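Below: one structure, written as structure tokens.
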């Protein structure tokens, strides 16, 4: 803990939370992430009631209050649903500019959230205007994969 | 204004670490179990209250992620967090929602995966005031240790008396298939266990557990159609004390708890708590707090909490068994712990306690405790409406 | 039985209070009690609507509730916006548990990095590590809505211009400078397509409300304001799994609140609305979800001046969240502002003859949760 005076004679007590966590991913999410790591595959879970294929793979369909019961492989390609470009540096967040997007993968009934790269961001407004909703996107996988959603490095336009 | 009753209870097994089920999945298990218990479908539930304490799950506002799996999709959901008292506050909120006439059926769901932080005490330290108390390394264990020392000094209570609280809890916990720690201990075991924060030893303290619990509240008319034996909510109170240890030097928090208990007894027409209450599920995470709480509730005279344990009054088979479930000393899933007290008290009134059932329960007390021993939440359940 | 609002209090919103955060709770509480002409001893219950982590504390109500006068009173803390706390407080009174309740939201945003804190609210398995935060999600939502319905940047700018202009006349607002459409449309990008002037700032502030049962209110208050409708709802957490172009939770919350209040025609029956305009686009989406216009037509509403101070249904005469955003109090502030309008105490931003007001809030990613309250004088 460090303390220092400020100009107005108000003390600022500085504190940083540095609390490590270990999150066990459970049966379903572990399988989802192992498929990323071992097979470069995106596997969704199908709800027996509404028949939707959910990404990320979840054990429960909250709309139907049921347990999903089937693994379904979806394509690692799909259509851009929406995106936003972070332009300001925020504490603890990646350096700007970067694009965050939702992509509807072929064969899935929900989207996947991920970084979008392969776009020239030297002029953010131009890039944003030119990147059209509906653009085909493809996952770019990392060489070294560890069982994390970041095993997909990013998505990029297919053309 | 309507009467309200508990008509269904569900809980997961509590363990050190649910490796197989993540946060929403645990919540789903508890909700589903409660609905099955009440023979209801999620469509019958009008609204939910969610109890989770940040940041033990390692996710701030974790309720937003898990409430869908709990059954909260496109339903009214209100999220409660009153630190250790969270689960009971979620239950009180659900009770108020029904009693107000706003909803017929409301489900309170609380979840916690206390296994997520590598060290839970560093998180509990973030509760303390950053200006005055955080740097002292205060943790939740201090909340049990500091009053323990004071109680021994002022009333001459002993380590052995305190150890009986742990012996009792673990003996009772053997009867509860959902309890986390299921082993018996002796006074000597407790006294030989390692010192965690003097005078408290490891077996004076609760574990950290993963799990979830759900309790369904229904209005009077609806409750009668669901079950012949609901647990009526005959009174609920909460009370706030100040956040600083130094403001309450004398066996810390007994005064505020005694005020809350008096208010609750007045609401429920309880004259002699030891006689009028049949069973209690109390939030006792440290053995020292059993002594102080039983005094505050008027189960014995000031300073006599140790003797009460020795006399066997609060053991299974005694006049007022405390924590037939094994209580918090066997299972502590922080944000869900206090709701678990309500759930267990309800099971006793509904006659669904299994091996841990106390015979002929007409009146059951449940409690929660949060903050720097500062928030007390109490609920009285009965086999007949007040 | 009904529940009355017999007191409201707020402190001016600003960038940084430079004071112990729980001391603000005392100020807010005193302001509301003074307004209600009540002594703290007459309050039965304190309901806080506040977040953890936002001020770098776990269980921050440990400090705010005692500071607000909660000592030896009933208490509960709703870990969400204060408008949800108000709903719970209302039900506590309707249940016959309390005669009076203080609803409290201490909104201090300056003590921590709020973007990072919203990132901490994400599931650790799929979302946290992707650099997402709430502003980025708001950007995604704004883009999808704009593209779906052809909402123009000019229409978005008009919302900012309107609200910032209104804020100039509100002494409690944080940003009290007018902006022009040109300035909005040329301001720096925050999370594209959102520009800095199209989204809310972070503010320090807060507010409190004193509620009472009808019988108590009749004894102490000549002209109480009544809560006639309340609704709240929750949709999915997963951004992947929802249509971001609709504020679904708001739609459901409004339906519940309207039903309870007997409102059949929102535009006709509501005289003033305070909306959670965390971005300009969210104000427009809220027009649709609240039934002020059909889906996709909010742009026309702002073009027609319908929601201006002198329009048919003034929205955010206070300046809204775009002008002041004391986190966790931002929704409850909407309610406080409605009450002031109905009591004709909104001073320089008063609108004429307001009998029924609507307060709205949204919280969470993609406006996962929403609460709507209807008040009537």
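Protein chains in written order, with the working numbering: chain E, 7 to 165; chain B, 1184 to 1569; chain G, 141 to 517.
From the three backbone atoms N, C-alpha and C, an ideal C-beta is built for every residue, glycine too.
For clarity, every value in this text was computed on a predicted model and none was experimentally measured.
With a threshold of 8 Å between beta carbons, is residue i in contact with chain B?
{"i": "residue 145 (chain E)", "result": "no"}
{"i": "residue 58 (chain E)", "result": "no"}
{"i": "residue 120 (chain E)", "result": "no"}
{"i": "residue 23 (chain E)", "result": "yes"}
{"i": "residue 308 (chain G)", "result": "no"}
{"i": "residue 151 (chain E)", "result": "no"}
{"i": "residue 28 (chain E)", "result": "yes"}
{"i": "residue 374 (chain G)", "result": "yes"}
Got a sec: is the Cβ-Cβ distance from residue i to anything in chain G below 8 Å?
{"i": "residue 1258 (chain B)", "result": "yes"}
{"i": "residue 1569 (chain B)", "result": "no"}
{"i": "residue 1448 (chain B)", "result": "no"}
{"i": "residue 161 (chain E)", "result": "no"}
{"i": "residue 1551 (chain B)", "result": "no"}
{"i": "residue 126 (chain E)", "result": "no"}
{"i": "residue 1424 (chain B)", "result": "yes"}
{"i": "residue 154 (chain E)", "result": "yes"}
In this structure, how does DSSP classify residue i when only helix, strand and coil are distinguished?
{"i": "residue 81 (chain E)", "result": "coil"}
{"i": "residue 1536 (chain B)", "result": "coil"}
{"i": "residue 161 (chain G)", "result": "helix"}
{"i": "residue 1340 (chain B)", "result": "coil"}
{"i": "residue 1554 (chain B)", "result": "coil"}
{"i": "residue 90 (chain E)", "result": "strand"}
{"i": "residue 1242 (chain B)", "result": "coil"}
{"i": "residue 198 (chain G)", "result": "coil"}
{"i": "residue 1529 (chain B)", "result": "helix"}
{"i": "residue 7 (chain E)", "result": "Legend: pLDDT at residue 7 (chain E) = 46, less than 50; position of this residue unreliable, no value from coordinates given."}
{"i": "residue 1220 (chain B)", "result": "helix"}
{"i": "residue 452 (chain G)", "result": "coil"}
Since residue i meets chain B, which of its residues come closer than 7 Å, beta carbon to beta carbon?
{"i": "residue 264 (chain G)", "result": "1241, 1242"}
{"i": "residue 416 (chain G)", "result": "Result: empty, since nearest Cβ-Cβ is about 16 Å, beyond 7 Å."}
{"i": "residue 19 (chain E)", "result": "1313, 1314"}
{"i": "residue 133 (chain E)", "result": "Correct list: empty, because the minimum Cβ distance to chain B is about 31 Å."}
So is residue i in contact with chain E if we call contact Cβ pairs under 8 Å?
{"i": "residue 1294 (chain B)", "result": "no"}
{"i": "residue 380 (chain G)", "result": "yes"}
{"i": "residue 1232 (chain B)", "result": "no"}
{"i": "residue 466 (chain G)", "result": "no"}
{"i": "residue 267 (chain G)", "result": "yes"}
For residue i, go through chain E and note every residue whose CB falls closer than 9 Å to its CB, in chain order.
{"i": "residue 192 (chain G)", "result": "Ordered by position in chain E, no residue passes the 9 Å Cβ test against residue 192 (chain G), which lies about 11 Å from the chain."}
Give the residues of chain E in contact with residue i, contact being defined as C-beta atoms less than 7 Å apart.
{"i": "residue 1251 (chain B)", "result": "68"}
{"i": "residue 287 (chain G)", "result": "139"}
Among the candidates the options, whose CA atom is the shortest distance from the CA of residue i?
{"i": "residue 209 (chain G)", "options": "B:1548, B:1424, B:1513", "result": "B:1424"}
{"i": "residue 1438 (chain B)", "options": "G:211, G:301, G:178", "result": "G:211"}
{"i": "residue 434 (chain G)", "options": "G:460, G:415, G:406, G:419", "result": "G:406"}
{"i": "residue 1387 (chain B)", "options": "B:1291, B:1513, B:1252, B:1555", "result": "B:1513"}
{"i": "residue 1385 (chain B)", "options": "B:1375, B:1394, B:1496, B:1392", "result": "B:1375"}
{"i": "residue 1193 (chain B)", "options": "B:1360, B:1349, B:1566", "result": "B:1360"}
{"i": "residue 56 (chain E)", "options": "E:62, E:43, E:47, E:73", "result": "E:73"}
{"i": "residue 1536 (chain B)", "options": "B:1203, B:1215, B:1220", "result": "B:1220"}
{"i": "residue 238 (chain G)", "options": "G:279, G:293, G:350", "result": "G:350"}
Strictly below 8 Å CB to CB, what residues from chain B border residue i?
{"i": "residue 42 (chain E)", "result": "Here the premise fails: no neighbours, minimum Cβ distance about 16 Å."}
{"i": "residue 160 (chain G)", "result": "1314"}
List the residues that DSSP assigns as beta-bridge partners of residue i.
{"i": "residue 1294 (chain B)", "result": "B:1395"}
{"i": "residue 497 (chain G)", "result": "G:412, G:515"}
{"i": "residue 241 (chain G)", "result": "G:185, G:351"}
{"i": "residue 120 (chain E)", "result": "E:107"}
{"i": "residue 205 (chain G)", "result": "According to DSSP, which records beta bridges pairwise, residue 205 (chain G) is partnered with nothing at all."}
{"i": "residue 1194 (chain B)", "result": "B:1396"}
{"i": "residue 1187 (chain B)", "result": "B:1402"}
Anything in chain G within Cβ reach of residue i, meaning under 8 Å, just list it in chain order.
{"i": "residue 100 (chain E)", "result": "271"}
{"i": "residue 1265 (chain B)", "result": "199, 201, 215, 216, 217"}
For residue i, which residues in chain G fall below 7 Å Cβ to Cβ?
{"i": "residue 94 (chain E)", "result": "330"}
{"i": "residue 108 (chain E)", "result": "280, 379, 380"}
Could you name the residues of chain G that residue i contacts, counting a contact when the two beta carbons are closer than 9 Å?
{"i": "residue 49 (chain E)", "result": "Simply none; closest approach about 13 Å."}
{"i": "residue 54 (chain E)", "result": "Under the 9 Å cutoff, chain G gives no residues; its nearest Cβ is about 17 Å from residue 54 (chain E)."}
Show which residues of chain E have a CB atom less than 8 Å away from the CB atom of residue i.
{"i": "residue 1309 (chain B)", "result": "23, 25"}
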